[in-house]
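Using the numbering used here, you'd call the opening residue of the sequence shown number 16 and step up by one each time.
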Amino acid sequence: MPGLGLGRGAPRSEQIKIHGADAFDGMRQAGRLAAATLDFIIPHVRPGITTGELDRLCHEFIVGHEAIPAPLNYRGFPKSICTSINHVVCHGIPGDRRLMDGDILNIDVTVILDGWHGDTSRMFFVGERIPLKARKLVEVTYEAMMRGIAVVRPGAHIGAIGDAIQRYAESHRYSVVRDFCGHGVGRIFHDAPSILHYGRPEDGPVMREGMFFTVEPMINAGRYEVKVLSDGWTAVTKDRSLSAQFEHTVGVTATGYEIFTISPADLHQPPYDLSLLAENPRPGSDRP
């Protein structure tokens with residue numbers, strides 16, 4: 016769930032936390048459950064279903080695994096997940112909107128498991144009639160995120176992440192949203208540091224082993240400007256162009272990075288192979 020540079024969603028402190036081995040273990044479990052929630056919802060994303068029903072299904076899955084959906088009542092957010100369709104950039108509120116064939120959808124999930132936050136989002140294709148321009152935007156957004164993650168290592172500046180993302184997105188004539196950013200995460204949902212998805216490689220704090228944060232670029236097919244609707248949450252592109260987002264939670268290791276929110280079923284970007292779901296058991300079956 017993206018943070019803001021200022022105001023609601025901004026880091027609760029400016030101190031960047033450094034975590035040890037036990038924290039890495041906790042984040043692996045929380046991240047795996049968050050990713051498994053997105054795996055679980057894949058077969059339900061289809062034309063005709065409402066975003067409210069997707070929220071209900073994810074909520075039941077999360078609490079059924081002895082976890083808490085972090086967005087629910089977080090600073091007034093009314094639902095357990097975010098559902099952002101087509102020109103919605105982020106923080107879409109689930110409700111009565113029915114998905115239509117040809118929509119692209121982002122589902123953003125954050126779970127709290129044993130006190131640790133696992134935060135991740137993926138894009139979904141609704142139905143079969145996805146325009147080529149939408150498919151390309153989704154593909155480029157996923158690759159932009161992974162290129163940003165690939166530069167994570169001790170000693171590099173956080174700005175290297177945004178530089179890698181911006182260079183790749185703009186090489187495809189897309190724009191990077193400025194108003195929202197990644198964020199530190201762990202015991203706290205939105206914490207320091209802020210992870211901008213644009214900028215220069217020498218910008219920002221130096222990464223250190225034990226830092227946890229999200230990388231979650233929002234990429235627009237048109238201009239990068241956004242506006243927030245009257246509900247106070249839903250952010251949309253000002254020019255109504257399509258927008259896409261992917262998100263992973265990562266930890267900085269001694270030699271690079273670890274992604275905590277990798278899909279247990281090896282499902283990373285659409286279109287998703289449903290046969291892989293049957294081959295991978297859900298997490299939590301071995302929890303006491």
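Ideal Cβ positions, reconstructed from N, Cα and C, are used throughout, including at glycine.
Item to complete: Could you spell out where the beta strand (DSSP E) holding Glu273 opens and where it closes?
Response: Along the sequence shown, read from residue 1 onward, the residue named residue 273 stands at position 258. It spans 272-274 - the beta strand (DSSP E) in which Glu273 sits, taken as one unbroken run.
Worksheet item: From this set, Gly271, Phe261, Ala269, which residue's C-alpha is nearest His283's C-alpha?
Response: For the purposes of this step, residue 283 is taken as residue 268 along the sequence shown, with counting starting at 1. Shortest Cα-Cα distance from His283 to any of Gly271, Phe261, Ala269 involves Phe261.
Worksheet item: Does the segment 122-142 come within contact of the segment 51-59, defined as at least 3 CB pairs closer than 8 Å?
Response: yes
Practice prompt. Starting from Val359, trace the alpha helix (DSSP H) both ways and give me its first and last residue.
Written response: Outside the displayed range of the chain (16 to 303) lies residue 359, so it cannot be described from this structure.
Worksheet item: Which class does Gly266 belong to by DSSP, given the choice of helix, strand or coil?
Response: By one-based count along the sequence shown, residue 266 stands at place 251. In this structure, Gly266 counts as strand in the three-state DSSP scheme.
Discussion item. Assuming contact is defined by CB atoms lying nearer than 7 Å, are Met115 and Pro285 in contact in what I supplied?
Written reply: Position 100 of the sequence shown holds residue 115. Position 270 of the sequence shown holds residue 285. Not a contact, by the Cβ cut-off of 7 Å.
Worksheet item: Enumerated in chain order, which unbroken segments of the alpha helix (DSSP H) with a length of 4 residues or greater are wholly contained in the segment 158-232?
Response: 174-186, all fully within the segment 158-232.
Discussion item. I need the boundaries of the beta strand (DSSP E) containing Gln44, first residue and last residue.
Written reply: Position 29 of the sequence shown holds residue 44. Premise fails: Gln44 lies in the alpha helix (DSSP H), 36-56, not in any beta strand (DSSP E).
Fill in: Nearest-angstrom Cα separation, counted from Met160 out to Val167
The residue labelled residue 167 in the question sits at position 152 within the sequence shown. The residue labelled residue 160 in the question sits at position 145 within the sequence shown. Going by the C-alpha atoms only, they are around 11 Å apart.
Worksheet item: Are His80 and Leu48 closer than 7 Å when you measure CB to CB?
Response: The residue labelled residue 80 in the question sits at position 65 within the sequence shown. The residue labelled residue 48 in the question sits at position 33 within the sequence shown. Yes. Within cutoff.
Discussion item. Does Val155 come out as helix, strand or coil in the three-state DSSP assignment?
Written reply: Here residue 155 refers to the residue found at position 140 when the sequence shown is read from its first residue. If DSSP states are grouped into helix, strand and coil, Val155 belongs with the helices.
Item to complete: May I ask you to report which of helix, strand or coil DSSP gives His74?
Response: Looking up residue 74 in the sequence shown gives position 59. In the three-state reduction of the DSSP assignment, His74 falls in the helix class, which pools H, G and I.
Worksheet item: Tell me the DSSP bridge mates of Gln260?
Response: Position 245 of the sequence shown holds residue 260. According to DSSP, which records beta bridges pairwise, Gln260 is partnered with Met233.
Worksheet item: Where does Ala293 fall in DSSP's three states?
Response: In the sequence shown, residue 293 corresponds to position 278, counting from 1. Residue state, collapsed to three classes: helix.
Discussion item. Quick test of your reading: His132 and Gly18, contact by CB under 8 Å. State the CB separation rounded to the nearest angstrom.
Written reply: Walking along the sequence shown from the start, residue 132 turns up at place 117. Walking along the sequence shown from the start, residue 18 turns up at place 3. Contact flag wrong, Cβ pair sits at about 12 Å.
Worksheet item: Going by beta carbon distance, what residues of the same chain come within less than 6 Å of Pro303, once the five residues before and after it are set aside?
Response: For the purposes of this step, residue 303 is identified with residue 288 of the sequence shown, where counting begins at 1. Its pLDDT being 33, under 50, Pro303 is placed unreliably in this model, and the value from its coordinates should be taken loosely. Hits under 6 Å: none found.
Worksheet entry | Rounded distance between the beta-carbons of Pro84 and Ser95, thought under 8 Å | The residue labelled residue 95 in the question sits at position 80 within the sequence shown. The residue labelled residue 84 in the question sits at position 69 within the sequence shown. 4 Å between Cβ atoms; contact.
Worksheet item: Thinking C-alpha only, which one of Ser186, Asp178, Met233 is nearest Cys196?
Response: The residue you call residue 196 lines up with position 181 of the sequence shown. The shortest Cα separation from Cys196 among Ser186, Asp178, Met233 belongs to Met233.
Item to complete: Would you tell me roughly how many angstroms separate the C-alpha atoms of Ser290 and Asp281, rounded to the nearest one?
Response: Walking along the sequence shown from the start, residue 290 turns up at place 275. Walking along the sequence shown from the start, residue 281 turns up at place 266. Approximately 11 Å between the Cα atoms of the pair.
Worksheet item: Going along the chain, which residues of its own chain have a beta-carbon closer than 8 Å to the beta-carbon of Lys253, five neighbours each way excluded?
Response: Along the sequence shown, one-based indexing puts residue 253 at 238. So the qualifying residues of the chain are Arg238, Glu240, Val241, Lys242.
Worksheet item: Counting Cβ pairs, one atom from each stretch, are 3 or more of them under 8 Å apart for the segment 185-199 and the segment 141-149?
Response: Too few Cβ pairs lie closer than 8 Å, so no.
Worksheet entry | Under the three-state DSSP convention, the category Asp301 falls into | Residue 301 sits at position 286 when you count from the first residue of the sequence shown. Residue placement at Asp301 is flagged as unreliable, the pLDDT there being 42, under the threshold of 50; a coordinate-derived value is accordingly withheld.
Item to complete: Have a look at Pro169 and Arg223 and give me their C-alpha separation to the nearest angstrom.
Response: One-based indexing of the sequence shown puts residue 169 at position 154. One-based indexing of the sequence shown puts residue 223 at position 208. If I take the Cα positions, the gap works out to 5 Å.
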